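Peer 1:
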Amino acid sequence: MAELTKGQKIQFLRTILKIRRFEEKTIQMYQIAKIWGYLHPYVGEEAIAVGACAAINKSDYIISTHRGHGHSIAKGADLNRMMAELLGKATGYCKGRGGSMHIADTELGMLGANGIVGGGIPISVGAGFSCKMEAKGRVAVCFFSDGASNNGVFHEALNMAAIFNLPVIYVCENNMYAISMSSCDSIACKDIAKRAAAYDIPGVIVDGSDPEAVYRVVTEAVELARQGKGPSLIEAKTYRFGGHHPNDPADYRDKQEAEFYKREKDPVINYKKRLLEEKVISQTEIDTMEKEIITAVEDSVKFAEESPEPSLEKFLEEVRSI
Amino acid sequence: MREIEYREAIREAVMEEMNRDPKVFLIGEDIGKYGGAFRAYKGLLDMYGPERVINTPISEATIIGSGIGAAVTGYRPVAEIMFIDFTGLAMDQIVNQAAKIRYMTGDNLRCPLVIRTQGGAGRGVAAQHSQSLEAWFYHVPGLKVVMPSTAYDVKGLLKTAIRDDNVVVFIEHKMIYLNKGPVPEEEYIIDFGVADIKREGKDVTIFAYSNMVFKALEAAKDLEQEGISCEVFDPRTLVPLDMEALLKSVKKTNRLVVVTEACERGSVASDISAKVSSQAFDSLDAPVKIVAGLNTPIPYNSILEQASIPHKADIVKAVKEVLA
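Residue numbers (our numbering), protein chains in the order written: chain P, 3 to 324; chain A, 469 to 792.
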């Protein structure tokens, strides 16, 4: 595998920061009730989406989850249209019909976040069939969680993807909690990657706080998939820095455990540090990058707030036609 | 006109659409060499190969998920659930995913998916293989529901279903696969939301779909001997429903009997009755009468099984009651 270029590394950092700042903003907006409903921040898990999406092409597909903003951003989503969707506006990705849990875009190959844990996993099999039938070397990356890996459809889908040799890369983001349920208490084996053995496919564990490590393992899995060698299961070990949603204090977790991950496994802190040490980027350049990102996030809020609400008249017209 | 079996009409529809559009493919359990549980796909594996006739493990949720994933990426899958009773295993994919994906993504993802399945009692296959569950799907916004009775209808409607850009739940009946009916050699399609008057009449409208159309026709024939003229109204598609034609028929006959094999509680028949009662109250000379299955799991014993679904005699009785 070719070494990552300086440009790629800088792009990784930029996207990690973009997701982090966007998510921090959405939490603020949620706390002042400008975003309502449910919001599931991706804070702490950014390196997985960034590494995985960097390993695929724009024409490849991704299938996302309820904690999906990071996946969309890493696949190239426009912050304005994302924020507009979170505010329920007509200019949002789903015209205000979907909100946080349903962002999708055909052009980005983003086949949808999902409000049902595990709901996207069977859909990834169909995307896999589509890629295989089309025979243009396209692949699909299916993100899901430790919680989803306990759902029956995980077993059905991996089995089917394996027997039909489908080009799907299953990326399990094991953030150790399904709302309050610890993965230690809910999963019969220590590592979810071991479940790959049941389907006779590769099962790989990776540090989900390291975008380069994620990039490398996903790249290998994508190569196998493009060569017609079928699906892979990758377990990215990660940690949900906040609660399940912004109003969840996560007091069911051990304080020291959370402190440990925030101190030792923060992809923003760690990756900045690494690129500075490798002299890939200077502090001044990072500061400039941060500023640009903060401006872009603020602009997305402005865009969303100034955007119109969906038309009620049009909605009622549509309802009559369904 | 030549006559062919209902299942042959299904096979012809699928073949014509597969020949017409390379994006159409079939997926489901035992649809390979076996040709489907009712042999509707006999020979198709040899003709189209395993890439377009995908024989799956017993994984209902992922059969539907496969359909959705392929549909939103440009294909036109026909996903089969062998018995409607098994849709329970795929309900999240049907109800939370397929039905909503186009709407909730703001038209970003279109899902031209046909879910072919079959239901109904009469073969002694008991409570988990005999249900009439159309009301489940009728209830969910985002799903079209088609229930063809004749060979002619099943062919024309299945072709339309495959060409539709939305999710279509296509429900056949296990007792009518071998029924023969006239089907033209030349190509035709049948639009959704267009009812078919299977028999014209003036005294009472009998609303019936799927296998119940035949029981209604038998009842109408008997009643004719007694000088009662029945109009047998087959909606063919429950969603969209040809309400205009139904109201027109009721305004002519002033009486309505709604027949369904499903149990009455929460049924499509109850909904049709409510709709007509509120929209054509002034035209009705008698309250709408529902003839439905009993509120029971379908029993195995054939005497009990037959007692739990409507028959000709029940329809005759209901017609006489609304005319009394």
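All C-beta atoms, glycine included, are put in the ideal place defined by N, C-alpha and C. Computed from a predicted model, the values in this text were never measured in an experiment.
Between A:A477, A:I569 and A:G592, which has its C-alpha nearest A115 (chain P)'s C-alpha?
Peer 2: The candidate whose alpha carbon is nearest that of A115 (chain P) is A:I569.
Peer 1: Does any CB atom of chain A fall closer than 7 Å to the CB of R99 (chain P)?
Peer 2: Closer than 7 Å to some Cβ of chain A, the Cβ of R99 (chain P) qualifies, so yes.
Peer 1: Thinking C-beta only, is A663 (chain A) closer than 7 Å to D710 (chain A)?
Peer 2: Taking 7 Å as the Cβ cut-off, D710 (chain A) and A663 (chain A) qualify as a contacting pair.
Peer 1: At which residue ranges does the stretch 124 to 171 of chain P contain complete beta strand (DSSP E) runs of 3 or more residues, listed in the order of the chain?
Peer 2: Correct list: 142 to 147.
Peer 1: Can you give me the start and stop residues for the alpha helix (DSSP H) that H73 (chain P) sits inside?
Peer 2: First-last of the alpha helix (DSSP H) with H73 (chain P): H71 to A76.
Peer 1: When you compare the stretch 506 to 522 of chain A with the stretch 102 to 121 of chain P, are there three or more beta-carbon pairs, one atom per stretch, that lie closer than 8 Å?
Peer 2: No, the stretch 506 to 522 of chain A is not in contact with the stretch 102 to 121 of chain P.
Peer 1: When the Cα of A49 (chain P) is compared with those of P:I295, P:S302, P:D289 and P:T240, which residue comes out closest?
Peer 2: Nearest of P:I295, P:S302, P:D289 and P:T240 to A49 (chain P), Cα basis: P:T240.
Peer 1: With DSSP collapsed to three states, give me the class of W636 (chain A).
Peer 2: A quick correction: the sequence has Val, not Trp, at residue 636 (chain A). Three-state result, V636 (chain A): strand.
Peer 1: When you check each C-beta in the stretch 70 to 82 of chain P against every C-beta of chain A, which residues fall closer than 7 Å?
Peer 2: Hits within the stretch: zero.
Peer 1: In this structure, how does DSSP classify F660 (chain A) when only helix, strand and coil are distinguished?
Peer 2: Note: F660 (chain A) maps to coil in three-state DSSP.
Peer 1: To the nearest angstrom, report how far apart E294 (chain P) and G661 (chain A) are at their CA atoms.
Peer 2: If you take the alpha carbons of E294 (chain P) and G661 (chain A), they lie about 54 Å apart.
Peer 1: Comparing alpha-carbon positions, which option in A:A539, A:L601 and A:S534 lies nearest E732 (chain A)?
Peer 2: Measuring from the Cα of E732 (chain A), the nearest candidate turns out to be A:L601.
Peer 1: Can you give me, in chain order, the residues of the stretch 116 to 131 of chain P that have a beta carbon less than 9 Å from any beta carbon in chain A?
Peer 2: Taking 9 Å as the Cβ-Cβ cut-off against chain A, the residues of the stretch 116 to 131 of chain P that qualify are N116, G117, I118, G120, G121, G122, I123, P124, I125, S126, V127, G128, A129, G130 and F131.
Peer 1: In terms of alpha-carbon separation, which member of P:A200, P:R228 and P:C55 lies closest to K138 (chain P)?
Peer 2: Closest by alpha carbon: P:R228.
Peer 1: Secondary structure at P708 (chain A), three-state DSSP: helix, strand or coil?
Peer 2: If DSSP states are grouped into helix, strand and coil, P708 (chain A) belongs with coil.
Peer 1: With a CB to CB cut of under 6 Å and the five nearest residues on each side skipped, what residues in its chain are close to T764 (chain A)?
Peer 2: Cβ within range, chain order: S776.
Peer 1: Going along chain A in order, which residues have a C-beta closer than 8 Å to the C-beta of M162 (chain P)?
Peer 2: Ordered by position in chain A, the residues that pass the 8 Å Cβ test against M162 (chain P) are T524, P525, S527, T530 and S534.
Peer 1: Quick check for students: name the residue ranges of the alpha helix (DSSP H) that lie wholly in the stretch 503 to 543 of chain A, counting only runs of 4 or more.
Peer 2: Fully enclosed alpha helix (DSSP H) runs of 4 or longer: 512 to 516 and 528 to 539.
Peer 1: To test your reading of the DSSP string, which unbroken beta strand (DSSP E) runs of 3 or more residues are found completely within the stretch 175 to 214 of chain P?
Peer 2: Listed in chain order, the complete beta strand (DSSP E) runs (minimum 3 residues) inside the stretch 175 to 214 of chain P are 205 to 209.
Peer 1: Going by C-alpha to C-alpha distance, which of A:E519, A:A558 and A:K780 sits closest to I526 (chain A)?
Peer 2: Measuring from the Cα of I526 (chain A), the nearest candidate turns out to be A:A558.
Peer 1: Pick from P:V141, P:F145, P:D209 and P:P312: whose alpha carbon is nearest that of G230 (chain P)?
Peer 2: With distances taken between Cα atoms, G230 (chain P) lies closest to P:V141.
Peer 1: Under the assumption that Y273 (chain P) contacts L15 (chain P) (Cβ atoms under 8 Å), give the Cβ distance between them as a whole number of angstroms.
Peer 2: Y273 (chain P) to L15 (chain P), Cβ: 6 Å. Contact.
Peer 1: Taking only beta-carbon positions, decide if G574 (chain A) is within less than 7 Å of chain P.
Peer 2: Yes, G574 (chain A) counts as interfacial toward chain P.
Peer 1: Mind the definition here: the stretch 755 to 769 of chain A touches the stretch 582 to 596 of chain A only if three or more C-beta pairs lie below 8 Å; say whether that holds.
Peer 2: As far as the Cβ criterion goes, the stretch 755 to 769 of chain A touches the stretch 582 to 596 of chain A, which means the pair count is three or higher.
Peer 1: Closest to F131 (chain P) by C-alpha separation, out of P:G232, P:C55 and P:V270, would be which residue?
Peer 2: Considering only alpha carbons, the answer is P:G232.
Peer 1: Along the chain, where does the alpha helix (DSSP H) containing V736 (chain A) start, and where does it finish?
Peer 2: Per DSSP, V736 (chain A) belongs to the alpha helix (DSSP H) from V736 to Q747.
Peer 1: Starting from the N-terminal side, write out each stretch of the beta strand (DSSP E) that is 3 residues or longer and does not extend beyond the stretch 3 to 86 of chain P.
Peer 2: With a minimum length of 3 residues, the continuous beta strand (DSSP E) runs that stay inside the stretch 3 to 86 of chain P are 63 to 65.
Peer 1: If you compare alpha carbons, which of A:G503, A:K720 and A:L685 is closest to T618 (chain A)?
Peer 2: The option with the nearest alpha carbon to T618 (chain A) is A:L685.
Peer 1: At a CB-CB cut-off below 7 Å, which residues of chain A make contact with T108 (chain P)?
Peer 2: Residues of chain A passing the Cβ test: N576 and L577.
Peer 1: The beta strand (DSSP E) spanning K670 (chain A) covers which residue range?
Peer 2: No beta strand (DSSP E) contains K670 (chain A), which DSSP labels as neither H nor E.
Peer 1: E280 (chain P) CB to nearest chain A CB: under 7 Å?
Peer 2: So no, E280 (chain P) is outside the interface.
Peer 1: Measure from the C-beta of Y606 (chain A) to each C-beta in chain P and report whether the shortest distance is under 7 Å.
Peer 2: Chain P contact via Cβ: absent.
Peer 1: Taking only beta carbons into account, state which residues of the stretch 545 to 563 of chain A come closer than 8 Å to chain P, listed in chain order.
Peer 2: Listed by position along the chain: P545, D560 and Q561.
Peer 1: Quick one: list the residues of chain P neighbouring V540 (chain A), beta-carbon separation under 7 Å, in chain order.
Peer 2: The contacting residues are L113.
Peer 1: Counting only runs of 4+ residues fully inside the stretch 585 to 645 of chain A, write out the alpha helix (DSSP H) ranges in chain order.
Peer 2: Here the runs fully enclosed are 602 to 606 and 619 to 631.
Peer 1: So which residues of chain A does H352 (chain P) contact, with C-beta pairs closer than 7 Å?
Peer 2: Residue 352 (chain P) lies beyond the stretch modelled for chain P, which goes from 3 to 324, so this question has no answer here.
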